[in-house]
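> Got a structure here, written out as C-alpha cells. Questions coming.
Chains as they are written, first to last, in my numbering: chain A, 3 to 286; chain B, 3 to 286.
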C-alpha cells in the first residue's frame, strides 16, 4: 500500500464520523504535513455515503497544531442541490492537558478542534472552456532536471519528487533577501502514485513557505487557511496518472505577521488542474 | 445612516445568533449582492462578545440563493488561541416550500442553510513586511476617469463608484470574445463611506464576473466559494478612509461549468489591502 493511501485511510465510526491518524511517513518538523490533513478532510466527504459529484473547492483552516496520533473527523453535507453539494468538516483531537481553561475559551468553543474545512462538490457538465492563466513556457522536462535532495529534511518532502526550475528551497539560510519568491517545479508523489483529488489537495500545500525562498532565513510559521479550487475532474486526473505536474507559486504580500501565497498545478499538457491560495502566519 | 451600515446591521438574538435581512439597496438581479452577505457573515464575528483581534481570512460558501427577507446567522468561535481565533458561521433562511423532500437531502443536511463561512481573526504584531505583488503602474487618478454608468443596473452596482481603467463591464453583449478578462478600476462606496473590514469584504466580491468581460455574452452564473485575505489592519483602513481603492481582477481558468477569479484591492499609496479569490459556477 502506498504511504499516501495509508495516510488518508479513514474508518467510518458513526454517521458523518471517521477516524484516522497522523502518518509518520508524512511527518513535518512538528506534527504531520498540513497537506495530508487537508487530504484527510477532503477524503471524509469523498467516502461519505451521501456524496454528490466531485470536489470543486476546498478550504481548510488550521486551528491548532495537529499532534501525532489519532484524529477524529466529522463531515456533514449541509446543503445538497441538484448539481452542487456544500460540506462542513472538522478534525478533532483529544485536548492537550497543558492547554488550560484560563485561556479565555468561552462557551462557544468546542474542545479539541484542530482544523475546520468547507468543501463544495459538483456534478460537472461540458461547457465552453478556456485557460487564461499562463503556464510557464520553455520549461525543461522533469527528466532534464535533478530531484531536490531530501537528506536531512522531515519525512513529508521525502514523499515528493520535486525538480526545481527556479526558486528552490535555499541550500543555506544565508539571509540574502531575494527580489521575489517565485518557484517553478515539477512534482509528483514519491513513490509514484496515480493522481486523485486527495493527492491533488495535498500537493496544493506542498509548496515550501514563500518566506523561506524570499528571505533565506529561519522563521516560525504555519498555514492558517488554505483554499484550493479543483479545475480537474477525475477523467483529467486519470490522464495525468503518475507523471510529474508543473507547480508554480509566489507570494503576494507579507505584512504584520501574515503573508499569502498563491499557486497553480498544471498537467504536462497545459491543463490547469488546481489553483491554490493560502494565508500563512510568520514570526520574524 | 449609510445604506451599507443598514445592510450589515445585525441584532443579537441568542448566544452566537444574530438576525439581519437582505437590504434592497444592495439587491442583485435575484436576491441580494453576495458581497453584502459575506459582509454580514463577517460582521457576526466582529460583533460577537468573544471576538479576539481583527480578521485575516474569510471564506464564504454560497450554498443556495439568498432570498429577499430575513436571514438568521449563527457564529461560533471554535478555537481561540493566544493570538488567533477560528470561526465557523452560517446563514439560514426559512426553507422555500417549493424545495421538496425528494431532493436526496439526507440526515446530515441542515434545512435552510444558505451560506457557510469560516474566518480567522488575529492579533497582529509589527514584523518585516514587503509587497511582492505589483500594483498596476501609470494608472490615471480617479478624478481623471468617469464613473461607470449604472442606469438600468441592479441596485448593488449603484452603491459603488467604479471608474474603470480597463476591462469595464461590456456596454453591449456583442459576443466578441476577448483575449483576457483583466479589469483595473478605482472603486469606493457610493455614497462615500470610511472603509472597514465589512466593506472591504463586500468590495472583494464587487468585481463583475470575469466571464462577462471575457465572452461578452449573457450567462447564468453564481459564486459558490469566496475567499478573502485581509492584509490591512484597522489602522491602515483608517488611512484609506473614504477614498477610492484600486481593484484588479482576472480569471485563471474556465472549465466544465466553473471558473475561478482572483483579485487585489490596493490603497492609493500602494499597500495591498486584500487579496481575494472565488470559484464561480456558470452555464453557457
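We put the CB at the ideal spot given by N, CA and C, even for glycine.
Note that the coordinates shown come from a computational prediction; the quantities given were computed from them, not determined experimentally.
1. Grouping DSSP H, G and I as helix and E and B as strand, with all else coil, what is residue 275 of chain A?
2. If you drop the 5 nearest sequence neighbours on each side, which residues of the same chain put their C-beta closer than 6 Å to that of residue 229 of chain A?
3. Applying the criterion that 16 or more other CB atoms from any shown protein chain within 10 Å of the CB defines a buried residue, is residue 58 of chain A buried or exposed?
4. In its own chain, which residues sit with a C-beta less than 8 Å from the C-beta of residue 17 of chain A, not counting the 5 before and 5 after it?
5. With a Cβ-Cβ cutoff of 8 Å, do residue 36 of chain A and residue 225 of chain A count as a contact?
6. In chain A, which residues lie with their C-beta within 9 Å of the C-beta of residue 126 of chain B?
7. When you compare only the Cα positions, how much space is there between residue 185 of chain B and residue 169 of chain B?
8. Assuming residue 282 of chain B contacts residue 266 of chain B under a Cβ cut-off of 8 Å, what Cβ separation, rounded to an integer in Å, is found between them?
9. Report yes if the C-beta distance between residue 194 of chain B and residue 129 of chain B is below 8 Å; otherwise report no.
10. Taking 6 Å as the limit between beta carbons, can you name the residues of its chain near residue 217 of chain B, skipping five residues before and five after?
11. Might you give, ordered along the chain, the residues of its own chain that have their beta carbon closer than 7 Å to the beta carbon of residue 210 of chain B, omitting 5 neighbours on each side?
12. Could you tell me which residues DSSP pairs with residue 94 of chain A in its beta bridges?
13. When you compare only the Cα positions, how much space is there between residue 150 of chain B and residue 162 of chain B?
14. Taking Cβ positions only, does residue 19 of chain B come closer than 8 Å to chain A?
15. In three-state DSSP terms, what is residue 159 of chain B?
16. So, residue 114 of chain A versus residue 75 of chain A, is the Cβ gap smaller than 8 Å?
17. For the beta strand (DSSP E) containing residue 227 of chain A, list its first residue and its last residue.
18. Using three-state DSSP, classify residue 239 of chain B as helix, strand or coil.
19. So, helix, strand or coil for residue 37 of chain B, using DSSP?
20. If residue 6 of chain B sits next to residue 201 of chain B, beta carbons under 8 Å apart, how far is it from one beta carbon to the other, in whole angstroms?
21. Along the alpha helix (DSSP H) that carries residue 134 of chain A, what are the first and last residues, could you check?
22. Under 8 Å, do residue 77 of chain B and residue 47 of chain B count as touching if we go by C-beta distance?
23. Can you tell which of A:253, A:90, A:39 and A:49 has the C-alpha that lies nearest to the C-alpha of residue 66 of chain A?
24. What are the boundary residues of the beta strand (DSSP E) that residue 248 of chain A is part of?
25. Residue 63 of chain A bridges to which residues according to DSSP?
26. From residue 102 of chain B to residue 191 of chain A, what does the alpha carbon distance come to, in whole angstroms?
27. Please list the partners that residue 231 of chain B has in chain A, where partner means a Cβ-to-Cβ separation under 7 Å.
28. Who pairs with residue 14 of chain B in a beta bridge, going by DSSP?
29. Three-state secondary structure (DSSP) at residue 210 of chain A?
30. Just to check my reading of the structure: residue 187 of chain B and residue 165 of chain B have Cβ atoms closer than 8 Å, yes? What is that Cβ distance to the nearest angstrom?
31. Is the shortest distance between the beta-carbon of residue 203 of chain A and the beta-carbons of chain B less than 8 Å?
32. Who are the Cβ neighbours of residue 263 of chain A in its own chain at under 8 Å, not counting the five residues just before and after it?
33. Measuring from the CB of residue 132 of chain B, is there a heavy atom of the ligand MN at a distance below 7 Å?
34. Out of curiosity, what's the CA-to-CA distance linking residue 174 of chain A and residue 153 of chain A?
Per the coordinate set shown:
1. strand
2. 61 and 279
3. Buried is the call here.
4. none
5. Yes; because the gap between Cβ atoms is below 8 Å, this pair is in contact.
6. 257, 258, 259 and 260
7. Distance from the CA atom of residue 185 of chain B to the CA atom of residue 169 of chain B, rounded to whole angstroms, is 4 Å.
8. The pair is not a contact, with the Cβ atoms about 17 Å apart (cut-off 8 Å).
9. no
10. 179
11. 171
12. A:74 and A:115
13. 9 Å
14. no
15. helix
16. no
17. 222–232
18. helix
19. Here residue 37 of chain B carries a helix assignment [DSSP, helix/strand/coil].
20. 6 Å
21. Here residue 134 of chain A belongs to no alpha helix (DSSP H), and DSSP marks it neither H nor E.
22. Yes, the pair counts as a contact, with Cβ atoms nearer than the cut-off.
23. A:39
24. 247–257
25. A:118 and A:227
26. In this prediction, residue 102 of chain B scores a pLDDT of 40, lower than 50, which makes its location untrustworthy; the coordinate-derived value is nonetheless stated afterwards. Distance between the alpha carbons of residue 102 of chain B and residue 191 of chain A: 44 Å.
27. 262 and 281
28. B:20
29. coil
30. Going by Cβ atoms, the distance from residue 187 of chain B to residue 165 of chain B rounds to 6 Å, so yes, they are a contact pair.
31. no
32. For residue 263 of chain A, the CB contacts under 8 Å within the same chain, skipping 5 residues up- and downstream, are 183, 209, 211, 212, 251, 252, 253, 254, 279, 280 and 282 in chain order.
33. This structure lacks the ligand MN, and indeed carries no ligand of any kind.
34. 14 Å
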